[in-house]
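Asker: Sequence positions in the sequence shown follow numbering that gives the first Met the number 0 and run 0 to 417. One structure coming up, written as structure tokens, with questions to follow.
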Amino acid sequence: MLRFAPTQAARAASIAFCQQVAPAVGSSVAAQALTARWMSAAPAPGPKPVNPEFSSGPCKKHPGYNISNLPTSSLGRSHRSKLGKERLKFAIDETKRMLGIPDDYLVGIVPASDTGAYEMAMWNMLGAKDVDVCHWESFGKGWFADAISHLKLRDTIEVTEHTAGYGELPDLTKTNKDRDICFTFNGTTSGVRVPDGCDWIADDRTGLTLCDATSAVFAMNMPWEKLDVTTYSWQKVLGGEGAHGMLILSPRAVERLESYTPENRPLPKIFRLTKKGKLDAGIFKGATINTPSMMAVEDYIDALAWAESVGGNDGLIKISNNNLGVIEKFVSENEWIDFLAKDKTVRSNTSVCCTLDLSPEQIKEFVALLDKENVALDIGGYRDAPPSIRIWCGATVETADVEALMPWLKWAFDEVKK
Numbered sequence: 000m001l002r003f004a005p006t007q008a009a010r011a012a013s014i015a016f017c018q019q020v021a022p023a024v025g026s027s028v029a030a031q032a033l034t035a036r037w038m039s040a041a042p043a044p045g046p047k048p049v050n051p052e053f054s055s056g057p058c059k060k061h062p063g064y065n066i067s068n069l070p071t072s073s074l075g076r077s078h079r080s081k082l083g084k085e086r087l088k089f090a091i092d093e094t095k096r097m098l099g100i101p102d103d104y105l106v107g108i109v110p111a112s113d114t115g116a117y118e119m120a121m122w123n124m125l126g127a128k129d130v131d132v133c134h135w136e137s138f139g140k141g142w143f144a145d146a147i148s149h150l151k152l153r154d155t156i157e158v159t160e161h162t163a164g165y166g167e168l169p170d171l172t173k174t175n176k177d178r179d180i181c182f183t184f185n186g187t188t189s190g191v192r193v194p195d196g197c198d199w200i201a202d203d204r205t206g207l208t209l210c211d212a213t214s215a216v217f218a219m220n221m222p223w224e225k226l227d228v229t230t231y232s233w234q235k236v237l238g239g240e241g242a243h244g245m246l247i248l249s250p251r252a253v254e255r256l257e258s259y260t261p262e263n264r265p266l267p268k269i270f271r272l273t274k275k276g277k278l279d280a281g282i283f284k285g286a287t288i289n290t291p292s293m294m295a296v297e298d299y300i301d302a303l304a305w306a307e308s309v310g311g312n313d314g315l316i317k318i319s320n321n322n323l324g325v326i327e328k329f330v331s332e333n334e335w336i337d338f339l340a341k342d343k344t345v346r347s348n349t350s351v352c353c354t355l356d357l358s359p360e361q362i363k364e365f366v367a368l369l370d371k372e373n374v375a376l377d378i379g380g381y382r383d384a385p386p387s388i389r390i391w392c393g394a395t396v397e398t399a400d401v402e403a404l405m406p407w408l409k410w411a412f413d414e415v416k417k
């Protein structure tokens, strides 16, 4: 029988292992200097976060999570069995209910996380109209690159790029309602989100909106009437497992799928959303394209149940906002730290990115110190972003842990500046 170590014991073993391994800092000289700094470090500034996990993906499991609590009846069973389909359909139905998704929208579980879901939409739907691609960080930039380099859309239609640097948002009002619009709701690697309500998207649009919302769903209000295609993954705000994506389609998106077939564009099996010109409706009833992990499905259902226990979608948004508020207060009181997103109205409440008055190498030391102390894990800025830190504030992160982290940020800054 497969057995799992108790959560606390497994975490303690992991922490003990991490504490035995010196973080890589470039050279042996640098390692010796950093080790010396650790040995002469100032006293602890206060209690450490109970849970030091602040990764922006995969993200922290929800409070009280224990893998032994997951139902196992669907494990070892076919996902196409009556039970398998029921559990998949239940995950879909609960998602739709909790997010307040309109009745005439469809929700499906698809392969390859948010990336797979968004690529699936692009490869099936783009090309019927000219396209506006909006991006201000690495993932949105990746969708633009795919549109022009792999889909080669500029061979047949006009593709307009609307872009801005990290920490900023392009002028979204310059998009055209008669074009398809591709955008990320929240820039995970820059900490910049679109404004509440998405008023820049016209209600009388003739084009489709394709929204990558992986680090926004369950943390921000989603204006469904503005969104025709929405994608996300389980491993972000709900702290679920990777490899599975969610695809949400409006009636207009379904109409596009059934009325438009891209010429000379072969689609691999895991991207196919139609059969003989009609939507493959089974995908949106639990009949997945390929084999899902039923353990990951049960883990997602468990996360949804936890979400319901803290107030549902509204409760989750409130927790994320509270977590951001803790950091905003700290930043306002310390001149050496600032947000990458200067405009509060477009500042993310999940992937909170901050710049420090430190050199790039010092920021690496800063991150390594907090990792070594088991205070904050995985908070280094994204590799393509400006030198920075990134603190995940989604609802599975407890506000008390964000509060406990703040004095340690100051401690690490002072240590690195010595």
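Glycine included, C-beta positions come from ideal geometry on N, C-alpha and C.
Have a look at residue 375 and residue 350 and give me their C-alpha separation to the nearest angstrom.
Answerer: On the sequence shown, residue 375 is found 376 positions in, with the first residue counted as 1. On the sequence shown, residue 350 is found 351 positions in, with the first residue counted as 1. So the alpha carbons of these two residues sit roughly 14 Å apart.
Asker: Excluding the 5 residues flanking residue 116 on each side, which residues of the same chain have their C-beta closer than 7 Å to its C-beta?
Answerer: By one-based count along the sequence shown, residue 116 stands at place 117. Around residue 116: 109, 230, 244, 245, 246.
Asker: Report the CB separation of residue 134 from residue 183 in whole angstroms; it is logged as a contact under 8 Å.
Answerer: Here the question's residue 134 lines up with position 135 in the sequence shown. Here the question's residue 183 lines up with position 184 in the sequence shown. Contact check for residue 134 and residue 183: beta-carbon distance about 7 Å, within the 8 Å limit, so the pair qualifies.
Asker: Is there at least one non-hydrogen atom of the ligand PLP closer than 7 Å to the beta-carbon of residue 69?
Answerer: Among the ligands in the structure shown, none appear at all, so the ligand PLP cannot be discussed.
Asker: Kindly identify the DSSP beta-bridge partner or partners of residue 231.
Answerer: Here residue 231 is taken as the residue at index 232 of the sequence shown, counted from 1. According to DSSP, residue 231 bridges with 245.
Asker: Please name the residue, chosen from 179, 392, 406, that lies closest to residue 52 on a Cα-to-Cα basis.
Answerer: As a first step, residue 52 is located in the sequence shown; it is residue number 53 there, counting from the start. Answer by Cα proximity: 392.
Asker: Would you kindly work out how many angstroms separate the C-alpha atoms of residue 126 and residue 315, rounded to a whole number?
Answerer: Along the sequence shown, read from residue 1 onward, the residue named residue 126 stands at position 127. Along the sequence shown, read from residue 1 onward, the residue named residue 315 stands at position 316. So the two alpha carbons sit approximately 37 Å from each other.
Asker: Whole alpha helix (DSSP H) runs in the segment 153-186 with 4 or more residues, listed along the chain?
Answerer: none
Asker: Could you give the first and the last residue of the continuous beta strand (DSSP E) run that contains residue 391?
Answerer: Your numbering for residue 391 matches position 392 in the sequence shown. Counting along the chain, the beta strand (DSSP E) containing residue 391 begins and ends at 388-391.
Asker: Using a Cβ-Cβ cut-off of 7 Å (strictly less than) and excluding sequence neighbours within five positions of residue 83, which residues of its own chain qualify?
Answerer: In the sequence shown, counting from the first residue as 1, residue 83 sits at position 84. Contacts found: 73, 76, 77, 293.
Asker: Report the option in 354, 280, 340 whose CA atom is closest to the CA atom of residue 186.
Answerer: On the sequence shown, position 187 is the one that residue 186 refers to. The residue with the shortest Cα to Cα distance from residue 186 is 340.
Asker: Can you round the beta-carbon distance between residue 205 and residue 318 to whole angstroms, since I take them to be within the 8 Å contact cut?
Answerer: In the sequence shown, counting from the first residue as 1, residue 205 sits at position 206. In the sequence shown, counting from the first residue as 1, residue 318 sits at position 319. With 8 Å as the limit, residue 205 and residue 318 do not qualify as a contact, their Cβ atoms being about 38 Å apart.
Asker: Take residue 201 and list the residues in its own chain whose beta-carbon comes closer than 6 Å to its own, dropping the five residues that flank it on each side.
Answerer: Numbered from 1 along the sequence shown, position 202 holds the residue referred to as residue 201. Closer than 6 Å at Cβ, skipping near neighbours: 176.
Asker: What residues in its chain sit with their C-beta under 7 Å from that of residue 400, if we drop five residues either side in the sequence?
Answerer: Here residue 400 refers to the residue found at position 401 of the sequence shown. Excluding positions up to five away in sequence, the list reads 48, 49, 50.
Asker: In its own chain, which residues sit with a C-beta less than 7 Å from the C-beta of residue 100, not counting the 5 before and 5 after it?
Answerer: Walking along the sequence shown from the start, residue 100 turns up at place 101. For residue 100, where only same-chain residues beyond five positions count, the Cβ hits under 7 Å are 106, 223, 247.
Asker: Taking the straight line between their C-alpha atoms, what separation do you get for residue 232 and residue 161?
Answerer: The residue you call residue 232 lines up with position 233 of the sequence shown. The residue you call residue 161 lines up with position 162 of the sequence shown. Residue 232 and residue 161: Cα-Cα distance of roughly 25 Å.
Asker: By the 10 Å Cβ neighbour count, where 16 or more other Cβ atoms means buried, how is residue 90 classified, buried or exposed?
Answerer: For the purposes of this step, residue 90 is taken as residue 91 along the sequence shown, with counting starting at 1. That one is buried.
Asker: What does DSSP give as the partner residue(s) for residue 353 in the beta ladder?
Answerer: For the purposes of this step, residue 353 is taken as the residue at position 354 of the sequence shown. In the DSSP output, where bridge partners are listed per residue, residue 353 has 338, 388.
Asker: Quick one: give me the first and last residue of the alpha helix (DSSP H) that residue 359 is part of.
Answerer: If you number the sequence shown from 1, residue 359 lands on position 360. 359-371 is the extent of the alpha helix (DSSP H) around residue 359.
Asker: Would you call the CB atoms of residue 302 and residue 238 closer than 8 Å?
Answerer: Numbered from 1 along the sequence shown, position 303 holds the residue referred to as residue 302. Numbered from 1 along the sequence shown, position 239 holds the residue referred to as residue 238. Cβ distance < 8 Å, so residue 302 and residue 238 count as in contact.
Asker: Evaluate the contact criterion for the segment 382-392 versus the segment 353-363: three or more CB pairs, one atom per stretch, below 8 Å.
Answerer: yes
Asker: Identify which residue in 372, 193, 153, 97 has its Cα closest to the Cα of residue 345.
Answerer: To locate residue 345, count along the sequence shown from 1; it is residue 346. Per the Cα distances, 193.
Asker: Kindly identify the DSSP beta-bridge partner or partners of residue 108.
Answerer: What you label residue 108 is simply residue 109 of the sequence shown in a count that begins at 1. Bridge partners of residue 108: 245.
Asker: Is it right to say residue 149 is buried, meaning 16 or more other beta carbons lie within 10 angstroms of its own, or is it exposed?
Answerer: Within the sequence shown, residue 149 is the residue found at index 150, counting from 1. That one is exposed.
Asker: Taking residue 381 as the reference, which of 46, 279, 408, 359 has the closest Cα?
Answerer: Counted from its first residue, the sequence shown places residue 381 at position 382. Of the listed residues, the one whose Cα sits closest to residue 381 is 359.
Asker: Do residue 113 and residue 211 have their CB atoms nearer than 8 Å?
Answerer: Walking along the sequence shown from the start, residue 113 turns up at place 114. Walking along the sequence shown from the start, residue 211 turns up at place 212. Against a cut-off of 8 Å, the Cβ pair of residue 211 and residue 113 comes out as a contact.
Asker: What are the complete alpha helix (DSSP H) segments, minimum 4 residues, inside the segment 249-301?
Answerer: 250-258
Asker: Using only CA atoms, which one of 242, 291, 365 lies nearest to residue 57?
Answerer: As a working mapping, residue 57 is identified with position 58 in the sequence shown. It is 242 whose Cα lies nearest to the Cα of residue 57.
Asker: Determine the closest residue to residue 165 out of 46, 342, 403, 414, with distance taken between C-alpha atoms.
Answerer: Position 166 of the sequence shown, counted from the first residue, corresponds to residue 165. Looking at the Cα atoms, 342 is the closest of the given residues.
Asker: Could you name each continuous beta strand (DSSP E) segment of 3 residues or more that falls completely within the segment 101-150, going from the start of the chain to the end?
Answerer: 105-110, 130-134
Asker: Tell me whether the beta-carbon of residue 132 lies closer than 8 Å to the beta-carbon of residue 142.
Answerer: Position 133 of the sequence shown, counting from 1, holds the residue named residue 132. Position 143 of the sequence shown, counting from 1, holds the residue named residue 142. Yes, these two residues count as a Cβ contact at 8 Å.
Asker: Tell me which residues share the same chain as residue 140 and place their Cβ nearer than 6 Å to its Cβ, disregarding the 5 neighbours each side in the sequence.
Answerer: Here residue 140 refers to the residue found at position 141 of the sequence shown. Contacts found: 134.
Asker: Please determine, among 168, 173, 332, the residue with the shortest C-alpha to C-alpha distance to residue 189.
Answerer: Position 190 of the sequence shown, counting from 1, holds the residue named residue 189. Among 168, 173, 332, the Cα nearest to that of residue 189 is on 168.
Asker: To the nearest angstrom, how far is it from the Cα of residue 409 to the Cα of residue 240?
Answerer: The residue given as residue 409 occupies position 410 in the sequence shown. The residue given as residue 240 occupies position 241 in the sequence shown. So the two alpha carbons sit approximately 33 Å from each other.
Asker: Starting from residue 313, trace the alpha helix (DSSP H) both ways and give me its first and last residue.
Answerer: Looking up residue 313 in the sequence shown gives position 314. Residue 313 -> alpha helix (DSSP H) spans 311-332.
Asker: Kindly indicate which three-state DSSP category residue 240 falls into: helix, strand or coil?
Answerer: By one-based count along the sequence shown, residue 240 stands at place 241. Residue 240 falls in the coil class under three-state DSSP.
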